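Below you'll find the structure, written out as structure tokens, and then a few comments.
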Amino acid sequence: MRETLNTPFESAPREETLHVPLSAEGLRLRKEADAVPGGDKIPADALEREAKELQRFASELRSAERRKVLKRLGKMLGSVAGFSLVVGALQGREQIDTAMSDVEAYRLLMGTETIDRATLGKPTDHLEGLPSPDVMREELTEAFGRERLNDAIPVEGLDRIGVARKLRTARESISEALDVTGLQEHFGIPNEALQDVVTETTPVAWHSSLAVKDIKVRDHDLPMPKGYGSQKTARGTFSFGTGSHTGHMELGLNAMNSGELSDIVIHELTHGGDWRSANVMAPEDRLALLYAVHGRTRSVGRIRFPYVESIQNPDQKEEVYKKTEEYFAELLEMALTIPAEHREEWSEKFFQQAAETMTDAEAKPVASIGEEDLRIVEWYFRTIDPDFRPWEAAKQRNAMTREVMVQALGPRIRASLEHVPSPTMRMLLMRAFEGERKSDMMRLLDTYDVNASALSDESRAYALAFDEHWVHEMHVFSKGVPDRLQPAFEWYREARDTLDAIGKNCDSFWPVTDSKAIADIQKSVDRIQPTLKDLSKEDTQELDKIARDWDRLKRGDIDMTREPPKQLVSMLERLSAL
Amino acid sequence: MIYIHLLFHTTCEYLGEIITRNGVFDHAALSSHGTEVLEGAVDDWRTSGVPVRFESIDVEASDGDILFGVERVPVHDVRFVTALQQWMFDRGYHIVPLKEEHRELWDTISLLPLGLRERFAVAAALSKTTRPQMDRWMDALEATLRVYRESERHIEEQLEKKQSAAVKRLIKQYA
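In order, the protein sequences belong to chains F and W. Taking the working numbering, I'd label the letters of the first sequence as residues 659 to 1236. Taking the working numbering, I'd label the letters of the second sequence as residues 8 to 182.
What follows is the structure in structure tokens.
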């Protein structure tokens, strides 16, 4: 029966190909087989079995390759973006599955800043958790008094949001809007330099809206305005004209010699951008801002800005209002003067600085220090200038200020250094910025020709510890190397003496903190010397090992001046155990 | 300013992109699956606007009832991006906005053997990338792409060898 049925097909080759459909891989095999003599005799099912085996093999290879690519990409992008979720996503599916299955997690991941609000007109988000405008106004009236509140945010005639929008985009009028005087006349620094720093590194709304119309630099100290209950002089002042929404700033002589000129300017500019300026924010946003900031000043979790905490006034409501005003200015000054590569780094530093203002006892009941403040800050920036990135602005401002200071003060500093004998030291002290002088000090330790052969790794480590103000590590690093460390101490003594001498001649330019920091070295040396005799042989061997580690660290591409890398922390822990 | 809004399904499958210029719709480019899922919606947006829900308080009602409704936001309205985002969120879809300058990086990412969720996560990270980091991203992606291509070439060679060996074995068995 079978033979009968098959007879008509006996001459047909590869009968089975009619019944076994070949996959793409099978067809490839068929093509290769047909090109070889005898290959046409291979049945289709055998080809397909082999094709499946080949597919499995290819799948294994590609799977391994994919793992390799993901691992590599995760490692590289993790270091580039600092974006832990990406690393998680690329290195383990479980984490990303969990994260991505949750829409809230996704929204958290995306954040609000990724939306280009600049193209959307007025931002649509609001500070959450606030009561109705009527309730806010009622509570603020209770806190500040009706008159004071009405001065800040009048009830009627405030709907000038259209004006604010128009001015916000009026970048071309910036140079006319902000007028700086006195800087060139009194300090030899071009007025335009400060004008540029302000207009290029602050939210557009601040300067394009005439919230700050002019900055006058004085050659004398400014009296502290009334209402702060303090006898101290002010570094800068800010005031709105009567019945006006344009502001005026004054900077005193003591703003010039503190080395923090740009920080002071930022602080005062903030006053021009707070809830009083109808040109910057819409009425409902102004009320929300004032309410939210006032809430922060009363909170146990508030950032303890020393200046704000020091404000006293016999009029309780006046004191509360001044504290609210200055809290906002200090908050924005902090946020605007933290340079960082990206938002994550910036917010991390923000939290860190906020925590540093609190004692352990103050910090204990607070669940998340600075978080609420940062929420207000970010909402504020989104509201007034959605494109503004405070961390980038801080970097740019530092660079611009540095350039200006070097250009303006360089010749005067050079003149004052004529009596300094060492050319290396002269180069070091020409640096206009404290941070640069410190890092140069570290670098010059490698080359300074006091007694080059005696400068050990430990002394360099000591210099780093000094640079980072790690008092304990300074002590430890210097423990085992009395003979070799001595030249470094001598070098620091010379630095201190020179800085002191220059400080006396150049009070206007050098911050007092310089000589204080150098003097701290001497104190440390005095403390360390008695302990040097106690060093055991084992301790010396351990120090040698650490010195070798140190060498490895130095050879690596690690920026030691920023934050202590893990290896260094481990090294310091081993040292501490000695 | 031009933005590329990458659209992803709830499964994180890439559906295509909506390009906006100065906050309003410019054009859409959908993948094959994106065409199946979204083509009708995009056509509807173009003709009638993006439907988004809104809530408001009925001030005339004595008890201040909350009213819910649907508003159509035209594609050339400055609220288009917000409306698009809400529309996507409401359906569980994901939308990732990229700046135009990220385009080259995204194109490079598309060449890598990433899974749906992995590609989505990288896109999300990319949207967070600032200009100073972009060069390093490109270096990282290009280096990875080079490794991938080299590895792919090696795999093809191995497969060809194994295929030839298989054919020889089969001929020996059946010829």
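We put the CB at the ideal spot given by N, CA and C, even for glycine. These figures come from a predicted structure and were not determined experimentally.
| If you count every other CB in all the chains shown that lies within 10 Å of the CB of T54 of chain W, and 16 or more means buried, which is it? | exposed
| task | Taking only runs that begin and end inside the region 836 to 911 of chain F, name each unbroken alpha helix (DSSP H) of 4 or more residues, in chain order. | result | 841 to 845, 849 to 859, 862 to 866
Just to confirm before moving on: does the CB-CB distance between R86 of chain W and V77 of chain W stay below 8 Å? no
- C-alpha distance - D97 of chain W paired with E999 of chain F, whole-angstrom precision: 34 Å
Can you pull the chain F neighbours of S38 of chain W, defined as C-beta to C-beta under 9 Å?
Ordered by position in chain F, no residue passes the 9 Å Cβ test against S38 of chain W, which lies about 19 Å from the chain.
Let me confirm a value: R156 of chain W is counted as buried when at least 16 other C-beta atoms fall within 10 Å, else exposed. Which label applies?
exposed
_Let me check one thing: in DSSP terms, what residues is I26 of chain W bridge-paired to?_
W:I11, W:H34
Could you work out which residues of chain F lie near S171 of chain W, taking near to mean beta carbons separated by less than 8 Å? E690
For this session: Compare the C-beta of I996 of chain F against all C-beta atoms of chain W and say whether one is closer than 8 Å.
Result: no
Original post:
Counting along the chain, where does the alpha helix (DSSP H) carrying L121 of chain W start and finish?
Top reply: Segment: none, L121 of chain W is in no alpha helix (DSSP H) and carries neither H nor E.
### Query
Run through DSSP, which three-state label would K191 of chain W get?
The question about residue 191 of chain W has no answer here: the residues shown for chain W are numbered 8 through 182.
Using a Cβ-Cβ cut-off of 8 Å (strictly less than) and excluding sequence neighbours within five positions of W113 of chain W, which residues of its own chain qualify?
I11, L13, L105, A130, L133
Next on the checklist: Please report the distance separating the alpha-carbon of S968 of chain F from that of P1023 of chain F.
Outcome noted: 22 Å
Using a Cβ-Cβ distance under 8 Å, would G787 of chain F count as near chain W? no
- In chain W, what lies closer than 9 Å to K726 of chain F by C-beta? V154, Y155, S158
| request: Classify E796 of chain F as buried or exposed, calling it buried when 16 or more other Cβ atoms lie within 10 Å of its own Cβ. | output: exposed
* Alpha carbon to alpha carbon, how far is R960 of chain F from M882 of chain F? -> 24 Å
A35 of chain W CB to nearest chain F CB: under 8 Å? no
Determine the contact status of L788 of chain F and A946 of chain F, defining contact as a CB-CB distance below 8 Å.
yes
Item to check | P997 of chain F (DSSP reduced to helix, strand or coil) | outcome: coil
CB-CB under 6 Å to P58 of chain W, same chain, minus the five flanking residues each way: which ones, in chain order?
V77, R79
If contact means a Cβ-Cβ distance below 9 Å, which residues of the region 125 to 137 of chain W contact chain F? E125, F127, A128, V129, A131, A132, L133, S134, K135, T136, T137
Item checked: Local conformation of Y100 of chain W per DSSP, three classes -> coil
Given that K699 of chain F touches chain W, what residues does it touch there, using C-beta distances under 8 Å? I178, Y181, A182
Quiz prompt | Proximity to H83 of chain W [Cα-Cα], best of W:L177, W:H34, W:H40, W:V103 | solution = W:H34
### Query
Does the pairing of the region 678 to 688 of chain F with the region 135 to 146 of chain W give three or more beta-carbon distances under 8 Å?
no
query: Whose C-beta lies closer than 7 Å to the C-beta of R126 of chain W among residues of the same chain, with five residues either side of it excluded?
result: Y21, I116
Checklist line | Interface flag, V174 of chain W vs chain F, CB-CB below 8 Å | finding: yes
Beta-carbon contacts of P120 of chain W that lie in its chain and below 8 Å, excluding the five residues immediately before and after: Y155
* Are E926 of chain F and F896 of chain F touching if we call contact CB-CB under 8 Å? -> yes
- Message: I want to know whether the region 137 to 152 of chain W touches the region 688 to 698 of chain F - three or more CB-CB distances under 8 Å.
- Response: no
Between V1035 of chain F and L990 of chain F, is the Cβ-Cβ spacing less than 8 Å?
yes
Cut-off 7 Å between Cβ atoms - residues of its own chain near V44 of chain W, not counting five sequence neighbours on either side: H16, L22
**Prompt:** Does DSSP put L705 of chain F in a helix, in a strand, or in coil?
**Reply:** helix
Q: Can you give me the Cβ contacts of G930 of chain F inside the same chain, cut-off strictly under 7 Å, excluding the 5 residues immediately before and after it?
A: W864, A869, V870, F896, G905
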